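Under this note's numbering, read the sequence shown as residues 46 to 140, first letter to last. Heads up: the structure comes next, in structure tokens.
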Amino acid sequence: MSINRKELEEIATLAQLNITESQVSEITASLNQVVAMIEHINEADTATVKPMAHPNEAAQLVRQDEVTDSSHKSELLALAAHADEDHYLVPKVID
């Protein structure tokens, strides 16, 4: 299989690309190289290769869930320039 000028123009139209006359031969040659590489890959015998969902089969190390007190509200509000009880006060952005 190879890409010809007509197919390139159809691809460019579908991709909404504007290709100049000077680019047609260069892009066609590049696409044909890609097609040749894919055809070469398709020739590989994969009958004995075990399918896999992910190339890295390492187990995930997961820590135990532990309930901790992560509320630092009073400390964080103390750092604010302006605060009112449980809220940060900021300048009005929209009139």
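Idealized CB from N, CA, C, for every residue including glycine. Keep in mind the model is a prediction, meaning the values are calculated, not measured.
Suppose you measure from the CA of A128 to the CA of H117; what does that come to, to the nearest Å?
If I take the Cα positions, the gap works out to 15 Å.
Short of 7 Å in beta carbon distance, which residues of its chain neighbour I48, apart from the five on each side in sequence? Order them along the chain.
Answer for I48: T73, L76, N77 and V80, listed in chain order.
Please look up how many angstroms separate the CB atoms of Y141 and A125, rounded, as I've assumed it's under 8 Å.
One cannot answer for residue 141 here, as it falls past the ends of the chain, which runs 46 to 140.
Does DSSP classify L85 as helix, strand or coil?
In the sequence under discussion, the amino acid at residue 85 is His, which differs from the Leu named in the question. Here H85 sits in helix by DSSP.
Quick check on DSSP: helix, strand or coil for A103?
Correct three-state label for A103: coil.
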